[in-house]
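Structure, as structure tokens:
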Amino acid sequence: MEGIDRTKELNLLKTARGQMDGIIKMLEEGRYCIDISKQVLAVQALLKKANLQILEQHMHHCVTDAFENGSKEDRNIKIEEIITILDKYYK
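If you count the sequence shown from 1, position 80 lands on 1510 in my numbering, and the numbers rise without skipping.
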């Protein structure tokens, strides 16, 4: 979406990508499994944080706009989108 600063999210995802490359190298080198697992958990935490920030931006911009300027249908769509994401998150 235009006008949204995605710098934080991009930095988190780029960091996660770098860590993923490191994990692949660790696997190729036959490094200790626990060390690899710790790095996988670190990547998961970065992805979770990036997703939370993306959802926060969505709530502050897209959802707010739908409630301020959109139709009832627009508002219901935004609510359903959030419910769908939360459902996937909690599974």
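We put the beta carbon where it would ideally sit given N, CA and C, even for glycine.
All of these numbers come straight from a predicted model, not from anything done at the bench.
The C-beta distance from M1450 to I1466 rounds to 12 Å, too long to meet the 8 Å contact threshold. The three-state secondary structure of D1435, taken from DSSP, is coil. Relative to Q1469, the option among I1453, R1461 and N1481 whose CA is nearest is I1453.
Setting aside the 5 residues that flank it on each side, K1521 has no residue in the same chain whose C-beta is closer than 8 Å to its C-beta. The alpha-carbon of D1435 is positioned some 40 Å away from that of G1460.
In this structure K1508 is buried. Its beta-carbon is surrounded by 16 or more other beta-carbon atoms within 10 angstroms. With 16 or more other Cβ atoms from the protein chains shown falling within 10 Å of its own Cβ, L1442 counts as buried.
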